[in-house]
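S.K.: Have a look at this one.
Structure below.
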């Protein structure tokens, strides 16, 4: 018991878990971090320095990868260069009551290693929307309350971006922005002149300049390789492996154990507190209990919901802290109904050097200010202009010397962009446990049932029409708007399963991410979101995790936990 | 290879302590590995049908021949195509490829001589004609000759000689510049 006891337990080592580990250990708490997957240490990323010719099969997804990872390949991600970061679906099954794409990385660092690094604040518009529109429940936190925590995590992580003074997309503490390329600069001008819409450089967690603090000596600046998804040995982008976990390690207060599958919270009915967690060793199946004064669940929205649903007791017969009946419900993601592209005439005498790990962003403008639509909320676009690569030779009859002459010039320009639309929380978009089905550890499977509904469908029309309108307004040619089938989860932003709120009858967590009914358990991954904006969410998870950790330590000191 | 990897590790381990140009120098100082395949030692795993491997080898070389720069054979494209067909292509595409290759051979032979016995100019003309014909017709599913072309290009532009002889490949660019006149570049830059 003694050796298994800590001040704090953090479940998960990714985007949120890393922040919890850093903040708790830096405040002096002996902290156990439990990760269900294998160990990964900075800067040991096995494919990070491979040149294109070092990768097998031209880095195309093999049939073996498709066989083992049928869900993960729905995104097109697990190539030979990065497939070791994506779970084996055959070993990690779940039930799709509706098609649901659950993209996962079971290893230290989680999805903070593979994320697209886009980092946007949610603004007052997002925090106020539910209350103003009577959707779901109000946020218990205002923008002004979370803003200083955004400052803190941006400064530590290193977020690059441009200051734009947009109410719907607040500025942050930015490192210098990446350049827009020549075509993007003109696209921006024309959108502004013709439609009054903004195009800005993406805000991303890549170090365009040295960090403004000296807490991360293991990190260097971004080297413009655009191979981030493999892990960056330079520490050029933020991941828990490159950034927060090394900080936690340096305190001497962290114990990080890989291959530990947390499947249950231990609840003490007399104390009215959680006393620890139950764990299976992923390799040996050995069961161990670990104990602590506080527990942070940072296992992802579905991972943490799973643990809570699987933690039943006489006090919590329907899942841990589930007095409201909302646990596992209100799953959100970003609706991504298709990508749009166009060809660009001219600009043949200009190009760019280096490989930018970032693109442009068109912030939300629908239902902003005076704009009013027949649906709620809005969407943003992420995209880029680029000169075509060798793929342009595929559908041509040029051969021999004629073809080789064409190799000497870069291809024509094209533009592509994808809209990400807000999905409203809906009680029936939910995950539950299917106790009749078990995984190889004998644990019940998560069953997920989530779809896009009327508001999202209405918004899709604008997402497509506006893309065509903007590409045409810019004078681009061959405008194509694709309709792709979208499964909830495909944007890899699943969230909402243990929403926060002021009313314990309608929410699982309070405004500090504490379980209403058991204050020494905190849930700080995407689970807590009562609504979802159209912005990429990781930065928000970081900010709320840091705030929750500070609150936890304060409360511990006061003897309240 | 091992020395290169060790040096790389050393650079990474030092992390922020190594300036980007220094890390770049370490990387560029190490010679890259030879990615070409020794043709005589090569045994196909997928293209095992009679003269299938030889035909693909010649088709690839016709599309991207050796000139004053490397061609498909130099880049190891034939072995690459065989490996991608075996490991990447689903069964139906594999079957279409094999059937298409057999058909291609039969159509070439119908002009008088088997493809592999034809004069180089005649072979090239036949490949060109096949491509033109395919581009005019139904392209879904992709006709054999366009599959062969796509594989040739993929193999060539993921090979070391294909990339480095035709583009300026910089493993560690260190910085992104958004708008640069082509006149200021030696060659156009590898961006893929």
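Chains as they are written, first to last, in this note's numbering: chain B, 235 to 795; chain U, 270 to 461. Glycine included, each C-beta is placed from N, C-alpha and C at the ideal position. Here the structure is a predicted model, which means the values were calculated and not measured.
Straight-line CA distance for residue 560 of chain B to residue 293 of chain B?
M.R.: The straight-line gap from Cα to Cα measures roughly 43 Å.
S.K.: Grab the span of the alpha helix (DSSP H) containing residue 453 of chain U for me, first residue to last.
M.R.: Where residue 453 of chain U is concerned, there is no enclosing alpha helix (DSSP H), given that its DSSP letter is neither H nor E.
S.K.: Determine the extent of the alpha helix (DSSP H) in which residue 419 of chain B is found, giving its start and end residues.
M.R.: Segment 416-429, the alpha helix (DSSP H) holding residue 419 of chain B.
S.K.: What in chain U is Cβ-close to residue 308 of chain B, meaning under 8 Å?
M.R.: Per Cβ cutoff of 8 Å: no residues; residue 308 of chain B is ~15 Å from chain U at best.
S.K.: Is it true that the CB of residue 362 of chain U sits closer than 8 Å to the CB of residue 346 of chain U?
M.R.: Contact: no.
S.K.: Give the residues of chain B in contact with residue 418 of chain U, contact being defined as C-beta atoms less than 7 Å apart.
M.R.: The answer, in chain order, is 628.
S.K.: Can you tell me the Cα-Cα spacing of residue 277 of chain B and residue 475 of chain B, whole angstroms?
M.R.: Rounded to whole angstroms, residue 277 of chain B to residue 475 of chain B spans 8 Å at the Cα level.
S.K.: Less than 8 Å separating the beta-carbons of residue 759 of chain B and residue 271 of chain B?
M.R.: No; because the gap between Cβ atoms is not below 8 Å, this pair is not in contact.
S.K.: Under 8 Å between the Cβ atoms of residue 704 of chain B and residue 655 of chain B?
M.R.: Not a contact, by the Cβ cut-off of 8 Å.
S.K.: Compute the beta-carbon to beta-carbon distance between residue 385 of chain B and residue 765 of chain B, rounded to the nearest angstrom, for a pair I have assumed lies under 8 Å.
M.R.: Residue 385 of chain B to residue 765 of chain B, Cβ: 22 Å. No contact.
S.K.: Relative to the C-alpha of residue 596 of chain B, which residue among B:367, B:391, B:434 is closest?
M.R.: Comparing Cα positions, the closest option is B:434.
S.K.: Can you check the region 602-686 of chain B for any alpha helix (DSSP H) of at least 4 residues that lies completely inside it and give the ranges in chain order?
M.R.: With a minimum length of 4 residues, the continuous alpha helix (DSSP H) runs that stay inside the region 602-686 of chain B are 634-641.
S.K.: Closest by CA to residue 717 of chain B, which one among B:470, B:392, B:701?
M.R.: Checked all of B:470, B:392, B:701; the closest Cα to residue 717 of chain B is B:701.
S.K.: Can the beta-carbon of residue 263 of chain B be found less than 8 Å from the beta-carbon of residue 243 of chain B?
M.R.: For residue 263 of chain B and residue 243 of chain B, no; Cβs fall outside 8 Å.
S.K.: State the Cα-Cα distance for the pair residue 305 of chain U and residue 371 of chain U, rounded to the nearest angstrom.
M.R.: Bear in mind that the predicted position of residue 305 of chain U carries a pLDDT of just 46, short of 50, making it unreliable; the figure below should be weighed with that in mind. Their backbone Cα atoms lie some 27 Å apart in a straight line.
S.K.: Can you pull the chain B neighbours of residue 364 of chain U, defined as C-beta to C-beta under 9 Å?
M.R.: What residue 364 of chain U touches in chain B: nothing, since even the nearest Cβ is about 14 Å away.
S.K.: Taking C-beta to C-beta, are residue 332 of chain U and residue 392 of chain U nearer than 8 Å?
M.R.: No.
S.K.: Is the shortest distance between the beta-carbon of residue 312 of chain U and the beta-carbons of chain B less than 8 Å?
M.R.: No, residue 312 of chain U does not count as interfacial toward chain B.
S.K.: Looking at the unbroken beta strand (DSSP E) that takes in residue 510 of chain B, where does it start and where does it end?
M.R.: 507-515 is the extent of the beta strand (DSSP E) around residue 510 of chain B.
S.K.: I want to know whether the region 667-680 of chain B touches the region 641-653 of chain B - three or more CB-CB distances under 8 Å.
M.R.: These segments do not touch.
S.K.: What are the residues of the region 370-388 of chain U that lie near chain B, defined by any Cβ-Cβ distance shorter than 9 Å?
M.R.: Listed by position along the chain: nothing, the set is empty.
S.K.: Assuming residue 549 of chain B contacts residue 503 of chain B (C-beta within less than 8 Å), just tell me the rounded distance between them.
M.R.: Correct: roughly 5 Å between the Cβ atoms.
S.K.: Using CA atoms only, rank isn't needed, just tell me which of B:751, B:639, B:363 is closest to residue 336 of chain U.
M.R.: Of the candidates B:751, B:639, B:363, the one whose C-alpha sits nearest the C-alpha of residue 336 of chain U is B:639.
S.K.: Using Cβ-Cβ distances below 8 Å, what residues of the region 327-351 of chain U are close to chain B?
M.R.: The region 327-351 of chain U vs chain B, Cβ under 8 Å: 331, 332, 333, 334, 336, 338, 349.
S.K.: Just mark residue 712 of chain B as buried or exposed, buried being the case when its beta carbon has 16 or more other beta carbons within 10 Å.
M.R.: With fewer than 16 other Cβ atoms within 10 Å, it is exposed.
S.K.: Helix, strand or coil: how does DSSP classify residue 263 of chain B here?
M.R.: Reduced to three states, the DSSP call for residue 263 of chain B is coil.
S.K.: Taking C-beta pairs closer than 7 Å, name the residues in chain U that residue 643 of chain B reaches, listed in chain order.
M.R.: The contacting residues are 457.
S.K.: Quick check on residue 633 of chain B - is its C-beta less than 8 Å from some C-beta in chain U?
M.R.: It does: the Cβ of residue 633 of chain B has a partner Cβ on chain U nearer than 8 Å.
S.K.: With 8 Å as the threshold, decide whether the Cβ of residue 298 of chain U is near any Cβ in chain B.
M.R.: The predicted position of residue 298 of chain U is uncertain, since its pLDDT is 36 and thus under 50; a value taken from the coordinates is nonetheless stated next. Residue 298 of chain U does not count as touching chain B.
S.K.: So, with DSSP's three-state summary, where would you put residue 489 of chain B?
M.R.: In the structure shown, residue 489 of chain B sits in a strand (DSSP, three-state: E or B).
S.K.: Give the residues from the region 284-297 of chain B that approach chain U closer than 8 Å (Cβ to any Cβ), ordered along the chain.
M.R.: The residues in question are 285, 286, 287, 288, 289, 290, 291, 292, 293, 294, 295, 296, 297.
S.K.: Can you give the Cα-Cα distance for residue 411 of chain B and residue 462 of chain B, rounded to whole angstroms?
M.R.: Taking the straight line joining both Cα atoms gives about 17 Å.
S.K.: If the cut-off is 9 Å on Cβ atoms, which residues from the region 479-496 of chain B count as contacting chain U, listed in chain order?
M.R.: Answer set for the region 479-496 of chain B: empty.
S.K.: Nearest chain U C-beta to residue 347 of chain B closer than 8 Å, yes or no?
M.R.: Not an interface residue.
S.K.: To the nearest angstrom, report how far apart residue 495 of chain B and residue 516 of chain B are at their CA atoms.
M.R.: Their Cα atoms are separated by approximately 6 Å.
S.K.: Take residue 439 of chain U and list the residues in its own chain whose beta-carbon comes closer than 6 Å to its own, dropping the five residues that flank it on each side.
M.R.: Within the same chain, residue 439 of chain U has no close Cβ partners at all.
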